[in-house]
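Student: Take the sequence shown: its letter number 120 is residue 120 in full-length UniProt numbering, and every next letter is one higher. We treat Cβ as the ideally placed atom computed from N, Cα and C, and that holds for glycine. Here it is, the structure, as structure tokens.
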Amino acid sequence: MEPLLKTYYKCYLSEVRQLKPSTVNHYCDALNNITRHLQEMKMITGSIYDVSDLHRLKELQEVLFEDAAFIAQNKKGNQMYSAGLNHYVRFAEGTNLIAFRHDISKLDMPMPVRTEEPRHYESKHWARSDILREQTLAVADYHCEMDGRHQTFVAERTHKPYMESHHTIPIHLQSRFSYSLDVYANLICLCPVCHRKIHYGLRDERREMLYEIYEKRRERLVHSGLVMGKEEFADLILKD
Ligand SMILES: [Zn+2]
Ligand SMILES: [Zn+2]
């Protein structure tokens, strides 16, 4: 069966962008060609539409645009392939969809959606304690440690403001340390916005947050055997 994103993409091109069927085919052919090319490069096994991670998709785009064989082929095809891929990436990012947000329901036409077997991810995880997590929140008296004034909502489970605990040095970096990262000194209580921000915010803003945490926690980290300079601390976490 056709990958879901292909169905959506074709539907988007014809229903939302109102392109002629021949143009839709043109775009799809370009992506089929790109799929074959990436498979030959052993970059993907399925089709480009099966790439469900946007970062991965952009990575593949970069790899292709630097590949000599692709560049040559693209030149022969009057940039048709790169244009097709750029178009699809913008669709995937949703940037092209913004202008059509009032028409987005046109993509909701009934279509058989393939359901897949749940995927099993097997990987080793370093143990982390739920008790420590819970304690971290209690110790901070359910206040965000970036700014105690940050408001959330009351959690049903605890009847306390909803907060999240965060490992400042990510626990999957444990193998680089001889002392545990699952310790009080490395755990902080954050409001949900700060927590998302420290994981996904702008690099410079994350760095500022890390400097602030480092200043507050330096001594405690040292006591826990986690000895590092400020820049080293920030770089380690940011390049992760
Ligand atoms: Zn976290
Ligand atoms: Zn906060």
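Can you tell me which of Lys20, Leu60 and Asp53 puts its alpha carbon nearest to the alpha carbon of glutamine 39?
Tutor: Translated into positions along the sequence shown, residue 39 becomes position 39. Per the Cα distances, Leu60.
Student: My parser needs the alpha helix (DSSP H) runs of 4 or more residues fully inside the stretch 36-77; what are they?
Tutor: Runs of the alpha helix (DSSP H) inside the stretch 36-77: 54-65 and 68-76.
Student: Below 8 Å CB to CB, which residues in the same chain sit around proline 21 once its five sequence neighbours on both sides are set aside?
Tutor: Start at 1 with the first residue of the sequence shown, and residue 21 comes out as number 21. Ser14.
Student: Inspect the beta-carbon positions of alanine 185 and leucine 210 and report whether they are closer than 7 Å.
Tutor: Taking the first residue of the sequence shown as 1, we reach residue 185 at position 185. Taking the first residue of the sequence shown as 1, we reach residue 210 at position 210. No, the Cβ-Cβ distance between alanine 185 and leucine 210 is not below 7 Å.
Student: May I ask whether a heavy atom of ligand 1 can be found less than 6 Å away from the beta carbon of histidine 150?
Tutor: By one-based count along the sequence shown, residue 150 stands at place 150. Not so, every heavy atom of ligand 1 lies at least 6 Å from the Cβ.
Student: Histidine 195 and glutamate 164 look like a contact to me (Cβ under 8 Å); what is the Cβ gap, rounded to whole Å?
Tutor: By 1-based counting over the sequence shown, the position of residue 195 is 195. By 1-based counting over the sequence shown, the position of residue 164 is 164. Confirmed, Cβ separation roughly 5 Å.
Student: Measuring CB atoms only, is the stretch 218-235 touching the stretch 175-189, in the sense that at least three cross pairs come out at less than 8 Å?
Tutor: Touching, yes.
Student: Using 10 angstroms around the beta-carbon of tyrosine 49, count the other beta-carbons present and answer buried if the total reaches 16, otherwise exposed.
Tutor: For the purposes of this step, residue 49 is identified with residue 49 of the sequence shown, where counting begins at 1. Buried is the call here.
Student: Quick check on valine 154: does DSSP put it in helix, strand or coil?
Tutor: In the sequence shown, the residue the question calls residue 154 occupies position 154. Looking at valine 154 - three-state DSSP - the assignment turns out to be strand.
Student: Rank Ile44, Leu97 and Ala138 by C-alpha distance to the C-alpha of arginine 17 and give the top, closest one.
Tutor: Here the question's residue 17 lines up with position 17 in the sequence shown. When each option's Cα is compared against that of arginine 17, the closest is Leu97.
Student: With respect to 6 Å, is the separation between the Cβ of cysteine 189 and the closest non-hydrogen atom of ligand 2 below this value?
Tutor: The residue given as residue 189 occupies position 189 in the sequence shown. No - ligand 2 has no heavy atom lying nearer than 6 Å to the Cβ of cysteine 189.
Student: Got a sec: does ligand 2 put a non-hydrogen atom nearer than 6 Å to the Cβ of methionine 146?
Tutor: Working through the sequence shown from its first residue, we reach residue 146 at position 146. Methionine 146 Cβ: within cutoff of ligand 2.
Student: Where methionine 80 and lysine 10 are concerned, what is the direct C-alpha to C-alpha distance, given to the nearest angstrom?
Tutor: Position 80 of the sequence shown, counted from the start, is the residue given in the question as residue 80. Position 10 of the sequence shown, counted from the start, is the residue given in the question as residue 10. Each residue's Cα considered, the two are about 17 Å apart.
Student: Looking only at C-alpha atoms, which of Ile198, Val139 and Glu134 sits nearest to threonine 158?
Tutor: What you label residue 158 is simply residue 158 of the sequence shown in a count that begins at 1. Here the closest residue by C-alpha is Glu134.
Student: In angstroms with no decimal places, state the Cα-to-Cα distance between phenylalanine 65 and cysteine 189.
Tutor: Working through the sequence shown from its first residue, we reach residue 65 at position 65. Working through the sequence shown from its first residue, we reach residue 189 at position 189. If I take the Cα positions, the gap works out to 43 Å.
Student: Are the Cβ atoms of arginine 128 and isoleucine 171 separated by less than 7 Å?
Tutor: Residue 128 sits at position 128 when you count from the first residue of the sequence shown. Residue 171 sits at position 171 when you count from the first residue of the sequence shown. Yes. Within cutoff.
Student: Please list, in chain order, all residues of the same chain as arginine 203 whose beta carbon is under 8 Å from its beta carbon, the five residues on each side excluded.
Tutor: Position 203 of the sequence shown holds residue 203. Cβ within range, chain order: Leu238.
Student: Would you call histidine 199 buried or exposed, if buried means 16 or more other Cβ atoms sit within 10 Å of its Cβ?
Tutor: Position 199 of the sequence shown, counted from the first residue, corresponds to residue 199. By the 10 Å Cβ count, histidine 199 comes out exposed.
Student: Would the C-beta of cysteine 28 count as close to ligand 2, meaning under 6 Å from any of its heavy atoms?
Tutor: By one-based count along the sequence shown, residue 28 stands at place 28. The answer is no for cysteine 28.
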